[in-house]
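Worksheet: the structure to be examined is printed underneath.
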Amino acid sequence: MGINNFFQLLVPKDKKFIPLFEDSADNLVKGAQLLNKFFIVKDKAEKEIIINQIKEQEKIGDDLTHKIYDELNKTFITPFDREDINKLNGSLDDVLDYIDMVAQSFRIHPPKTEPEAFLHLSELILQAAREIKVAISELHHVKNPKKIMDSCIRINEIENQADDVYDNALADLFENEKDAIELIKVKEMLAALEEGTDKAEDVSDVIKSILVKIA
Amino acid sequence: MGINNFFQLLVPKDKKFIPLFEDSADNLVKGAQLLNKFFIVKDKAEKEIIINQIKEQEKIGDDLTHKIYDELNKTFITPFDREDINKLNGSLDDVLDYIDMVAQSFRIHPPKTEPEAFLHLSELILQAAREIKVAISELHHVKNPKKIMDSCIRINEIENQADDVYDNALADLFENEKDAIELIKVKEMLAALEEGTDKAEDVSDVIKSILVKIA
Amino acid sequence: MGINNFFQLLVPKDKKFIPLFEDSADNLVKGAQLLNKFFIVKDKAEKEIIINQIKEQEKIGDDLTHKIYDELNKTFITPFDREDINKLNGSLDDVLDYIDMVAQSFRIHPPKTEPEAFLHLSELILQAAREIKVAISELHHVKNPKKIMDSCIRINEIENQADDVYDNALADLFENEKDAIELIKVKEMLAALEEGTDKAEDVSDVIKSILVKIA
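Line by line, the protein sequences give chains Y, P and C. Quick note on the working numbering: the first sequence kicks off at 1 and runs consecutively. Quick note on the working numbering: the second sequence kicks off at 1001 and runs consecutively. Quick note on the working numbering: the third sequence kicks off at 2001 and runs consecutively.
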């Protein structure tokens, strides 16, 4: 019996948590799409609308987080460790929180210029969110832990790329921006965007620690 | 047998850890009261005294943290997972660390003005500390997990409120403060205060994960 | 039977993970030595070389981290909890990440002056790395959990010292640096250095939580 079949035997068919996590991942992808769109559009009024849409998405995420937690309190047999369900739940919530934080920072202290890195980092967050979605769907019909691992590896690569984009944008900022308050505004947003990919990697770490226990 | 009675059966009477955690929560409330008082009083000399009192409280907290850790190393049967005792211990310590960090920042780089939000956030930290105390006492005579959950929900609401207070104060700051160094000072203190409520929510997350395992 | 002998019985001889963790701790010490050297040398070209050497060390660290994770996926019996192996692995990686972050910040936004605290904090990180190495070797031939605890206590003391160095350097900075952008650069580097010792303490917390479970 191969490792994959063995793996399959150990994971009981779950009809409750994984579908909820899939909803949560779907919601995360929507939030990441909105953030990406936010940096594509230039019109101020349109941007304002997207900020509110992201906030809505974040609230839906909160509701899902509470729902998963409540389910956990009512359920005796779970597809993997109760604690890991809890962690996966919290870490998914964190990514969307950072997406919302970026949008809110823009409302709180709009920078005069938007460096290209804002758009680039929002694309990386979106890619990471899509990989998270793939990994979580694979937890469902778990024929192939390798596919899950591949997504985790790609999330790690995305996070490394985000580090480089962040570092270069920051070097650029310190070289060219002479207005300290302007520099702070841009720096904060770059940091929140980069942190978004860190939080995506935290999700992938939770997924990896679930695999480690089952393997 | 209802969930509550079931719950009660599973938690052995504990005469060691929960009393220590109650001391730790008491100590946290005292620290939070001092921080709140710090933003009420205006006299510089009085403020200086309170900063030292907070540092004292933080040291008492450290001693309690070590005591709980040592007890854990000497004890075979614990009222809940050894790991969760460890986490609850660490997370309680973190809240007080942030309270001390706020006070120390004031000593390190006193801002010229104190926005109203400093006082408001210190009130929210105090409220969160009181809810933590309630939740921990309820872990003691655990007749009613619902009361614990209610405190956790209120801590979550307090943290959301703190986010709003922080966001508004920051928007205000970026609009009105033209001195970049002054802006950095106030921003750092606002962030540390807001982080204080985040750390309180981390305590409530640990408590929730204890409930999840027992449920 | 004393606690030490009991402890010894419970830990199966491990020939795989602890040697890998020793490699990881060795690699961390090398990184910390390079960071310390970085603040000793004054020549710009030499500094540039060291930044690259730190990056190399960080990549070796990443490879070790992946190797340990892969081993974990292939191994059924582990010397301590799978989850703790995972956490120890991640936390060791984090310290080196911060060391690299400090070096990279220097490349991204070199400050005009280097306060003495840079050197001092790099020494504290190096001391903490050495204590981590001691604690991990002791996990190997575990005759003496007290020696491990002693290292953990020293790491905690080092972290406290780093807090003081950081606080004083920051007070000094806010008093004397009138150029806001310069202040931001130095403040960021001080914070990353101080965070390096926090991350070392996280490693010691993981080690302490392993001891708690075995005790």
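C-beta atoms are modelled at their ideal positions from N, C-alpha and C, and glycine is treated no differently.
Kindly list the residues whose CB is nearer than 8 Å to the CB of residue i, restricted to its own chain and excluding five residues on each side of it in sequence; keep chain order.
i          : result
ASN1027(P) : GLN1057, ILE1060, GLY1061, LEU1064, LEU1096
LEU1190(P) : PRO1115, ALA1117, PHE1118, LEU1121, TYR1166, ALA1169, LEU1170, LEU1173
GLU71(Y)   : LYS16, PHE17, LEU20
TYR1069(P) : ASN1086, ASN1089
PHE1006(P) : Its pLDDT being 45, under 50, PHE1006(P) is placed unreliably in this model, and the value from its coordinates should be taken loosely. Within the same chain, PHE1006(P) has no close Cβ partners at all.
ASP1081(P) : ILE1210, LYS1213
Where residue i and residue j are concerned, what is the direct C-alpha to C-alpha distance, given to the nearest angstrom?
i          : j          : result
ASN36(Y)   : GLN53(Y)   : 12 Å
CYS2152(C) : LYS2185(C) : 32 Å
GLY1002(P) : ASN1144(P) : In this prediction, GLY1002(P) has a pLDDT of 41, which is less than 50 and means its spatial position is unreliable; what the coordinates show is noted afterwards. Each residue's alpha carbon lies about 11 Å from the other.
LEU34(Y)   : ILE50(Y)   : 7 Å
ALA25(Y)   : MET1149(P) : 26 Å
ILE181(Y)  : ILE2077(C) : 55 Å
ARG1154(P) : LEU1092(P) : 17 Å
ASN1176(P) : ALA1032(P) : 29 Å
ILE136(Y)  : GLU22(Y)   : 6 Å
LYS2213(C) : LYS2067(C) : 25 Å
ASP1164(P) : HIS2140(C) : 50 Å
LYS1055(P) : GLU2188(C) : 25 Å
Can you have a look at residue i and say buried or exposed, based on whether 16 or more other CB atoms are within 10 angstroms of its CB?
i          : result
LYS2074(C) : exposed
VAL206(Y)  : buried
ASP94(Y)   : buried
PHE1038(P) : buried
GLU2048(C) : exposed
GLU2046(C) : exposed
ILE1040(P) : exposed
LYS1178(P) : exposed
LYS133(Y)  : buried
LYS2199(C) : buried
Sorted by chain position, which residues of the same chain lie with C-beta nearer than 7 Å to residue i's C-beta, five sequence neighbours on each side aside?
i          : result
ALA162(Y)  : LEU121, LEU124, GLU194, THR197
ALA192(Y)  : TYR98, MET101, VAL102, SER105
LYS2030(C) : GLN2057
ARG107(Y)  : ILE51
ASN2130(C) : The question names Asn, but residue 2130(C) is Arg in the sequence shown. These residues qualify, in order along the chain: VAL2029.
ASP84(Y)   : VAL206, SER209, ILE210
LYS1112(P) : GLU1182
Using C-beta distances below 6 Å, list every residue in its chain close to residue i, excluding the 5 sequence neighbours before and after it, in chain order.
i          : result
LYS2147(C) : GLU2138
GLU2159(C) : THR2197, GLU2201
GLN127(Y)  : ILE158
HIS109(Y)  : LYS185
ASP2043(C) : none
SER204(Y)  : CYS152, ILE155
ASN2004(C) : Any answer about ASN2004(C) is weak, because its pLDDT of 43 lies below 50 and its placement is not dependable; what the coordinates show is given next. No residues qualify anywhere along the chain.
Original post:
Which residues, in chain order, does the segment 1104–1121 of chain P contribute to contact with chain C at a C-beta distance below 8 Å?
Top reply: GLN1104, ARG1107, ILE1108, HIS1109
**OP:** With 7 Å as the limit, tell me which residues of the segment 1163–1180 of chain P have their beta carbon closer than that to any beta carbon of chain Y; keep them in chain order.
**Re:** ASP1167, LEU1170, ALA1171, PHE1174, ALA1180
Original post:
Can you list, in chain order, the residues of the segment 186–213 of chain Y whose Cβ is nearer than 9 Å to any Cβ on chain C?
Top reply: LYS187, ASP205, LYS208, SER209, LEU211, VAL212, LYS213
**OP:** Please list the residues of the segment 28–58 of chain Y that have a C-beta atom closer than 9 Å to any C-beta atom in chain P, keeping them in chain order.
**Re:** none
**OP:** Could you name the residues of the segment 69–92 of chain Y whose beta carbon sits closer than 9 Å to any beta carbon of chain P, in the order they occur along the chain?
**Re:** TYR69, LEU72, ASN73, LYS74, THR75, PHE76, ARG82, GLU83, ILE85, ASN86, LYS87, GLY90
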